[in-house]
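Position in the sequence shown (from 1) plus 5 gives the number in our numbering. Encoded as structure tokens, the structure appears first; notes follow it.
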Amino acid sequence: MSLLDQPRRAPGALSRLRRPARPGASGIRPGGRPRPVRELLLIIVLFGAYKLGRLLANGRVTEAFDNAHRMWRLERVLGLPGEAGVQHGLLHSEFLVYAANCFYAYVHFPATGLFLLWVYLRRPVHYRWVRRVIVALTAVALVLHLLVPLAPPRMLPATGLIDTAARFGPAVYGAPETDTISNQYAAMPSLHIGWAAVIAVGLVLASRTRWRWLWLLHPVTTFAVVVATANHYWMDGIVVLMLLAVTVLLLRPPAPDAPPA
């Protein structure tokens, strides 16, 4: 009798207890939550690259101010409303000025960090997409920071704007020539607005509640704050939103009904 003709043996106890192999058992399962240590290291590396990229653009002060004058003239040619009108509306209230300065100083990084933590824990499929979008958007922004150094409107007397943070506090930046932490001539494009828009888009896609569209108020508020405090021009926000739109078109988001972890 050949082996093919022999009757099958009943599976043994060990065979019955053996579980089928999980998809991607050798690594991270598809759609699963990435390993936290690796993600933390990735965030640290990206943050270091972000800071390094901004510092590499230092030392181009004359070029940054020349570009600022060109940007100011371009906005007038395009018929964009003056940033001064937004700031004058803010200056009617000392409380609003202080609140806007605090929003600019203390909301940007904490809000992004809390959003990434939430989407990592609750929506791992969306987290992978959000991470790719933030990395792509930030990388393109850093390239523009290097190619187009731009002094913010608070440094340009022609705008008629004041540095609200320096005047009323709290202030994030010191004197540009002694600032070794950040590059103050990297106004184009605004990652304050870009990251705020990523948060809003990510929460709209990952949330189930009908109130999720209210998250769009976050980038709108951020846009108003960075303009009113004279940290960015209108074009800084317009350009970064255009870059984000292209990024989202290229990196397709997960399906709206992607299940939570």
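Beta carbons: idealized from backbone N, C-alpha and C, even for Gly.
Q | Under 7 Å between C-beta atoms of Tyr111 and Val124 | A | Not closer than 7 Å, so no.
Q) Taking the alpha helix (DSSP H) that His74 falls in, what are its first and last residues? A) Val66 to Leu83
Q) When the distance is taken between beta carbons, is Ser195 closer than 7 Å to Gly242? A) Yes, these two residues count as a Cβ contact at 7 Å.
Q | Beta-carbon gap between Val225 and Thr169 smaller than 7 Å | A | no
(Q) Tell me the DSSP secondary structure of Pro35 in three-state form. (A) Below a pLDDT of 50, predicted positions are generally treated as unreliable, and Pro35, at 48, falls in that range; no measurement from the model is reported.
Q) If you run the structure through DSSP and keep just helix, strand and coil, what is Ala260? A) coil
Q: Hey, could you find the ends of the alpha helix (DSSP H) His237 is sitting in?
A: Segment: none, His237 is in no alpha helix (DSSP H) and carries neither H nor E.
Q.
Under 8 Å, with one C-beta from each stretch per pair, do the segment 77 to 84 and the segment 198 to 215 reach the 3-pair mark?
A. no
Q | Glu99, buried or exposed, once every other Cβ within 10 Å from all chains shown has been counted against 16 | A | exposed
(Q) Give the list of continuous alpha helix (DSSP H) stretches no shorter than 4 residues that lie fully inside the segment 112 to 144. (A) 113 to 127
Q: Check Leu47 in the structure and name its three-state DSSP category.
A: helix
(Q) Helix, strand or coil for Ala192? Go by DSSP, reduced to three states. (A) coil
Q | Cβ shell of Leu51 (< 6 Å), same chain only, five flanking positions each side left out | A | none
Q. CA-CA distance, Val153 and Tyr190?
A. Distance between the alpha carbons of Val153 and Tyr190 is about 9 Å.
**Q.** Burial state of Phe114, where buried means 16 or more other Cβ atoms lie within 10 Å
**A.** The residue is exposed, with fewer than 16 neighbouring Cβ atoms inside 10 Å.
Q. Does DSSP put Leu151 in a helix, a strand or coil?
A. Assignment of Leu151 by DSSP, reduced to helix, strand and coil, places it in the helix class.
Q. So, helix, strand or coil for Pro175, using DSSP?
A. coil
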